[in-house]
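The numbering of the first sequence is the working numbering, which starts it at 1457 and goes up by one. Quick notes on the structure that follows.
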Amino acid sequence: MTVPDKPTLDGLEDRWSTRWEADGTYRFDRTRPRSEVYSIDTPPPTVSGSLHIGHVFSYTHTDAVARFQRMRGKAVFYPMGWDDNGLPTERRVQNHFGVRCDPSLPYQPDLVLDPGAGGAAAGRGEELVSVSRRNFVELCERLTAEDEQVFELLWRTLGLSVDWSMSYATIDERSRRASQRAFLRNLERGEAYAADAPVLWDVDFQTAVAQAELEDREQPGAYHRIAFPRVGTDGDAVVIDTTRPELLAACVALVAHPDDERYQPLFGTEVTTPLFGVAVPVLAHRLADPEKGSGIAMICTFGDTTDVTWWRELDLPVRTIVGRDGRIESQPPIALAIPAAEEAWAQIAGRTVKQARRTIVELLAASGALLGEPRAITHPVKFFEKGDRPLEIVSSRQWYLRNGGRDAEVRAELVDRGRSLRWHPPYMQARFENWVEGLTGDWLISRQRFFGVPFPLWYRLRADGTTDLEAPIIPDEADLPVDPASEAPPGFTEDQRGRPGGFVGDPDVMDTWATSSLTPQIATGWEDDPDLFARTFPMDLRPQAHDIIRTWLFSTVVRSHLEHGQLPWTDAAISGWVLDPDRKKMSKSKGNVVVPLPLLAEHGADAVRYWAAGGRPGTDTATDLGQMKVGRRLAIKLLNASRFVLGLSPSDPGVGAITEPLDLDMLHRLADVVADATAAFEGYDYTRALERTEAHFWTFCDDYVELVKGRAYGSRGDGPAASAQAALRLSLSIQLRLFAPFLPFVTEEVWSWWQEGSIHQASWPDEAEIRGPLARGPAGVADVAAAVLGELRKAKTAAKRSLRTEVTRAVVVGDAETLERLRAVEADVRDAGRVEDLELVEGSDLSVTATLAPED
RNA sequence: GGGCGCUUAGCUCAGCUGGUGAGAGCACCUGCCUUACAAGCAGGGGGUCGGGGGUUCGAGUCCCUCAGCGCCCACCA
């Protein structure tokens, strides 16, 4: 046993993280059966995102739970995943290297690019170097590999007890195989299907996006009152209000509520569009709101999602004018008969939506069709959560997965799944249920992007060169993953690509959620490693933040429901967010993002973890340097208290030596703490486990240690000293283990002074360790001793005297029961209080009168 | 418009199924070099538990209602 003279926290992170890796301390024992395994569906962080303190926060919560379960004897399956798949990586690669993906270019095997190769203007979209899809993907892989190392360093410094041999990445071969396999099975069962339909479209990223990735943003806009002349009348007009006058040429009808008496006479008649002179019908539909605008609306293909509903339910034609790049098409959607219309079109063709709006408003004003001035408003507009411009709606062929959005029965099944999941905190289930019940359509999983898992499909080209989309060519599961863009389907050769009678590959990739919704399957080796899968799936815990319940959590439940007919895990622990010190949400644009590594360097990992562990499940928590300082003090206190305890005697007198009433009472109180902390942890309330442990520890240091210090040094002989020494050691052992999930470094350091092996493989304390061998003894004596000692201290402090001051005489008044307890620990109290003469007087409330020795 | 959460000392928060005179940490004030720890120790001041109403012998703790803050969702003409 070696107890350092001057224990320190410095360097513990390096020393122990290295040691743990070398010893395989956190290696998953895959010989254990499912019942002895605790498996965690770790959130794969987006590696191309920036590191921030929020990562440290939520991952610490999970790690504390993992360490608790490991100490309880479970084989903990705690892999790390990296989310490197998808748009964030593409965007980062584009900016980092100054490149753009052009799928039409050929692969350049020797392409060498340095960061910023595309020139200083990279990112402004002007001087980007175009590279082939394969080159682009290679750059993505190169950059994410670097990003992953940065994350791994952070996790190791933070002391996450992950098994690094089980890592995966959402773009790696396993993930692509699992993702494609799951999709093909969905396809076979009819759960996946392709459809040509209007979709929400980001004009910058040039891809479709899903409902779950939308967000509303308040945008300035304006109502424009526009008169539509009625066909067959002499100058009569219908006046509509619109915020999107530029879509006039895409108008296919006007619509009002069926009960709206103002417009009932018009139903079934026609009006013509101003400027373009196209005749459109006036129709009735219940979604038209008589209160909004003039109560009658222009239906365009497509201005918003209501337009899509009207278009579908009223069986209207498609007149698309906005292209996928967000610009007005070169040709009008229908023949324009009047010359003025051709002119109007010529002025907007090829322009952006914004430019076209300005032009159309000018033309309308000039023609007299615009009534009055536009009235400025702000209104919510749908954006892709990662996008910069409002979404447009375009018709295109996309892949969908049935998620209950169009099927009440499936929806009900998924709501039931959500109800059988154990949520921490429970109220988060409401978010899940709200979302499922508010779904408006199936899950759109295809993206017109490059860095993602490709759809494992090809299509035959007929003799006339047209594509047969109805019967895709499907690979064998054994051949997955496949890349249909570079591999030929079974029975074809590469030179038949794009030729009549040959084939083409499906050009799309899956959305990143379509892969990350399979993290339980990917991590546990679904189909690839049946033995591992059987031992780890379904998993125990999904830890994640509340903002992605509708995406990650829901989609994972959907995939598992469809594939396995069960939940992917039993418990979901939902963490809150980290707010900046002023309780504002952190965001890059506000510049208030707190980066974690400097904090870890300054305060130490245990201190930062201590702060993080104070955030209960579901609770948003402010970054608090003060709490980190408190955590650091706690860690230092553990070092010093341990040094004291272990320095008292070279060996442990053993539990049998514990006979003193004060020692027994203190230990049984600790047993209560053990029971409480254990129950709290079992309910995922790690914060309470820490609070209880910490509160006991300070009482232990301030009262118990002070009370027994003299006796432990031998003031009353060997027997009483041995009792104190053994009690201190047992108590220290248990308290270190209670702290180990939170403060892995300092507890391991202290453990190494006097114990074999890692504390993180030691057993979680059990109250039976105390209650088994040790009789209860007189209860409540520790409280009485501490109370009397407190009064003695108060007397000394009030007299502005040192705590070493001798008390020549102290009179304690108390009830019979209190005095009885005090007698049991009288010697310890006199020792700690330096009381020469202690008199006990029976009375009512406890009071202590102390006479201090005169000052020198 | 719908849903959820929060509102307890200057600050950050505990207060579990209602019951000994409302707590902790930080901050603040006053002291103490006490042989584990001065990056420490001891002591102290400070709250009509968001407002109102109700149930109860008794309510931060349950019910109703109002207000403020935050988050999620919503068909945005």
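For glycine and all other residues, C-beta sits at the position ideal for the given N, C-alpha and C. The structure displayed is predicted, hence computed values, not measured ones.
- With respect to V1521, Y2066 sits apart: the two C-beta atoms are not nearer than 8 Å.
- By the criterion of a C-beta distance shorter than 7 Å, G1779 is surrounded in its chain by E1785, once the five residues flanking it on both sides are discounted.
- When the alpha-carbon of A2178 is set against those of T2115, E2204 and L2296, the nearest one is in T2115.
- Linking V2164 to E1602 through their CA atoms gives a straight-line distance of about 55 Å.
- Taken through DSSP and simplified to helix, strand or coil, Y2140 comes out as coil.
- A residue is called buried when at least 16 other Cβ atoms come within 10 angstroms of its Cβ; V1493 meets this threshold and is buried.
- Cβ contact annotation for E2162 (same chain, cutoff 6 Å, sequence separation greater than five): A2288, in chain order.
- Between I1804 and I1816, the C-beta spacing is below 8 Å.
- Straight-line spacing of the CA atoms in G1691 and P1685 works out to 6 Å.
- In the DSSP secondary-structure assignment, P1654 is bridged to S1851.
- In the structure shown, the three-state DSSP call for I1929 is strand.
- Our two residues, G1759 and T1968, have alpha carbons roughly 27 Å apart in a direct line.
- Of the candidates A2266, V1738, D1920 and P2234, A2266 places its Cα closest to the Cα of R2249.
- Annotation: the continuous alpha helix (DSSP H) that includes S1631 extends over E1629 to E1644.
- Assignment of D2293 by DSSP, reduced to helix, strand and coil, places it in the strand class.
- Considered as a whole, the stretch 2167-2231 harbours 2174-2195, 2200-2210 and 2224-2227 as its complete alpha helix (DSSP H) runs of no fewer than 4 residues, in chain order.
- Bounds of the alpha helix (DSSP H) holding S1473 are L1468 to D1479.
- Pairing L1997 with D1519 gives a Cβ-Cβ distance that is not under 8 Å.
- Unbroken alpha helix (DSSP H) stretches of 4 residues or longer found wholly inside the stretch 2086-2147: 2117-2138, given in chain order.
- Exposed is the label assigned to Y2169, since fewer than 16 other Cβ atoms lie within 10 Å of its Cβ.
- When rounded, the separation of the alpha-carbon atoms in Q2191 and F2153 is 7 Å.
- When DSSP states are grouped into helix, strand and coil, T1808 belongs to the strand group.
- Beta-bridge annotation (DSSP): R1681 is paired with D1697 and L1827.
- When the five nearest sequence neighbours on each side are left out, the beta carbons in the same chain lying within less than 7 Å of the beta carbon of Y1563 are those of S1588, R1590 and N1591, in order along the chain.
- Going by C-alpha positions, A2224 is about 18 Å away from F1524.
- Collapsing the DSSP output to three states places S2303 in a strand.
- A contact between stretches requires three or more CB pairs, one per stretch, nearer than 8 Å, and the stretch 1531-1541 meets this requirement with the stretch 1626-1639.
- For M1995, the enclosing beta strand (DSSP E) begins and ends at M1995 to A2001.
- Each residue's CA atom was taken as its position, placing P1463 and L2259 some 26 Å apart.
- Boundaries for H1511: no beta strand (DSSP E) harbours it, while the alpha helix (DSSP H) harbouring it runs I1509 to M1527, taken from the DSSP string.
- By the CB criterion at 8 Å, P1836 and D1672 fall inside the cutoff.
- Here DSSP, grouped into helix, strand and coil, assigns K2250 to helix.
- Taking all protein chains in view, the Cβ of A1990 is surrounded by fewer than 16 other Cβ atoms within 10 Å, so the residue is classified as exposed.
- By the neighbour-count definition (other C-beta atoms within 10 Å, threshold 16), K1530 is a buried residue.
- When the alpha-carbon of E2058 is set against those of A1825, G2071, L1561 and K2085, the nearest one is in K2085.
- By alpha-carbon distance to L1917, the top candidate from V1909, L2094, T2264 and P1928 is P1928.
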